[in-house]
Structures are given as structure tokens and as C-alpha cells.
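No gaps in the numbering here: position 53 of the sequence shown is 107 in the working numbering, and each next residue is one more. Even for Gly, the Cβ is constructed at its ideal location relative to N, Cα and C. Please read the structure below before turning to the comments.
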Amino acid sequence: MTEDFKSKLWDVIQDYTELAELIPDDNGGRLLKLINEKHQKLFFQLTDHKPLLTSDT
Numbered sequence: 055m056t057e058d059f060k061s062k063l064w065d066v067i068q069d070y071t072e073l074a075e076l077i078p079d080d081n082g083g084r085l086l087k088l089i090n091e092k093h094q095k096l097f098f099q100l101t102d103h104k105p106l107l108t109s110d111t
């Protein structure tokens, strides 16, 4: 997998995360946390990378 592809994939994941943040509060942000976890898991499975950072908000 090329670095360019990895970068674009990460950008898409971040875009979805930003969209999820626009969803009205759902009892403490459970949906946003789930989306973040699923997208990061997908990214790291596809790229065989370890997480660069985690967000525990």
C-alpha cells in the first residue's frame, strides 16, 4: 500500500469523524466514540500501522 493511499484513507476517516461530530449529543458521544474506534481499526487493519494517537474524549 502506498503512502499516498494511506494518507488519503486517513483523510477520509477524519472526514467521517468530523461529520459524526455534527450529530447532536447522543448521551455522552457514544456514537462518535464508536465511529472513531471502527474507522481507526479499519485504517490500521488495512495499512498494518499502529495508532499514532488515540482520542479519549
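Contact set for residue 60: own chain, Cβ-Cβ below 7 Å, skip 5 residues either direction: 101
Contacts around residue 64, its chain only, beta-carbon distance under 8 Å, and the 5 residues preceding and following it disregarded: 97
Among 95, 56, 89 and 94, nearest to residue 73 - alpha-carbon criterion: 89
Interface flag, residue 89 vs chain C, CB-CB below 7 Å: The structure shown has no chain C; it contains just one protein chain.
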